[in-house]
Amino acid sequence: MALRVGIGHDTHRLGPDRPLILGGHPVPFDRGLVGHSDADVLLHAVIDALLGATGQGDIGDWFPDTDPAHAGVDSRLLLREVLSRLGQAVEVLNVDCILFAEQPKLGMHKASIRASLATLLGISDDRVNVKAKSGEKVGPIGRGEAISAEVIVLIDRHGPISPPPSGPPSD
Ligand code: MG
Numbered sequence: 078m079a080l081r082v083g084i085g086h087d088t089h090r091l092g093p094d095r096p097l098i099l100g101g102h103p104v105p106f107d108r109g110l111v112g113h114s115d116a117d118v119l120l121h122a123v124i125d126a127l128l129g130a131t132g133q134g135d136i137g138d139w140f141p142d143t144d145p146a147h148a149g150v151d152s153r154l155l156l157r158e159v160l161s162r163l164g165q166a167v168e169v170l171n172v173d174c175i176l177f178a179e180q181p182k183l184g185m186h187k188a189s190i191r192a193s194l195a196t197l198l199g200i201s202d203d204r205v206n207v208k209a210k211s212g213e214k215v216g217p218i219g220r221g222e223a224i225s226a227e228v229i230v231l232i233d234r235h236g237p238i239s240p241p242p243s244g245p246p247s248d
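Read left to right, the sequence shown gives residues 78 to 248 (the working numbering).
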């Protein structure tokens, strides 16, 4: 058993006329997160945690936001691509997440977001935990201008990870 840990963090701004998607789960709200992709802040942090645990750089290496191919992309597809490239060499043991949002209140959505994440990762719900914190009315989170996510993942690396076909940039 070769245990490895990775962390991920992401922040996106809230704006009008956008769906709010967290962990692949649509959350009803009058605003959504703004970004080059669908701006799923939680999946972006999960991806960064997985890439961190496997020494594979960060999400910007893999999916540059300057690439028009990623405009408006469903972040579930990005996670799926990372998981497929990591393949059988990686078993996700558990994922713990914190969502920071003043608005909307996420308490009632935690279970659905957890189930969505577990499904996307191909693991049971009991290996995933989702916590929600408000911004205590302080800073951009507390003013309801943005949502952040922090994620830690523990994996068991069974073998070598072959480099992706196109590969993260070497620079
Ligand atoms: Mg992001």
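C-beta: ideal position from N, C-alpha, C; glycine also.
- Taking His-113 as the centre and dropping the five residues before and after it, the same chain places the C-beta of Asp-142, His-147 and Ala-148 closer than 7 angstroms to its C-beta, in chain order.
- Less than 8 angstroms divides the Cβ of Gly-85 from the Cβ of Gly-129.
- Within its own chain, the residues whose Cβ lies closer than 6 angstroms to the Cβ of Gly-236, once the five positions on either side in sequence are excluded, are Ala-166, listed in chain order.
- About 7 angstroms separates the Cβ atoms of Leu-91 and Gly-109, confirming a contact at the 8 angstroms cut-off.
- Inter-residue distance for Asp-135 and Met-185 is about 31 angstroms (C-alpha atoms, whole angstroms).
- Burial check for Gly-199: the Cβ neighbour count within 10 Å stays below 16, so the residue is exposed.
- Ile-238 is the residue among Arg-95, Ile-238 and Gly-83 whose C-alpha sits nearest the C-alpha of Ser-161.
- Counting every other CB atom within 10 Å of its CB across the protein chains shown gives Leu-194 a total of 16 or more, marking it as buried.
- Between Lys-187 and Val-207, the C-beta gap is smaller than 8 angstroms, which places the two residues in contact.
- For secondary structure counted as the alpha helix (DSSP H) over 4 or more consecutive residues, the region 84–144 holds these complete runs in sequence order: 118–130 and 136–139.
- Ser-225 is bridged by DSSP to Thr-88 and Phe-177.
- Ranking Glu-168, Ile-98 and Asp-202 by CA distance to the CA of Leu-127 puts Glu-168 first.
- Taking C-alpha positions only, Ile-124 is separated from Thr-88 by approximately 14 angstroms.
- One thing to note: Gly-221 has its Cβ within 8 angstroms of the Cβ of Gln-180.
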